[in-house]
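Count along the sequence shown starting at 1, add 98, and that's the number in my numbering.
Think of the CB as a built atom: it goes at the ideal place given N, C-alpha and C, for glycine as much as any other residue.
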Amino acid sequence: MTISSTIELRDLILMTDIGTYGPDDLVPDHHLLDLTLDISPTQVLIPQDGMAHVFDYDPLIAELKTFAETGHRETQEWLMTQIGQLCARYADINGVEMYLRKYPVDPRGGTLGLRLVLGQNDLTSLRVMT
């Protein structure tokens, strides 16, 4: 069995402005993001305690929140693309799985979302493009 490691962020509320709605349309209160980052096991099985040995995810989360609140987007897909580009800036991230959904989609609740999986080659391509 091969060792693998991930960092998992669940249910991060993003206060973002996505979509165009008519006067009678239900406007989502917020979007939720689940993010799974593939990182090297050497950043989890560490030789000693200390931030120098691990992936510091706090700056990424801060950037995600700030970035999501900036400007209007027509689609969730565009925000996901931009989140992928943001993750690609971190060389320690080897892969990303994200699930972005809006809430609510009906007066009684419900979510509607998209899932995207980017491997190491995908991130490398994004690094070249950005």
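Query: Span of the beta strand (DSSP E) around residue 137; Result: 128-137
Query: Collapsed DSSP secondary structure at residue 158 in the structure displayed; Result: helix
Query: Enclosing beta strand (DSSP E) for residue 103 [first to last residue]; Result: 103-112
Query: The beta strand (DSSP E) enclosing residue 99, as first and last residue numbers; Result: Segment: none, residue 99 is in no beta strand (DSSP E) and carries neither H nor E.
Query: Top-ranked residue by Cα proximity to residue 155, from 144, 174, 145 and 134; Result: 134
Query: The stretch 115-126 in contact with the stretch 139-146 per 3-pair CB rule at 8 Å; Result: no
Query: Beta-carbon spacing of residue 216, residue 182 below 7 Å; Result: yes
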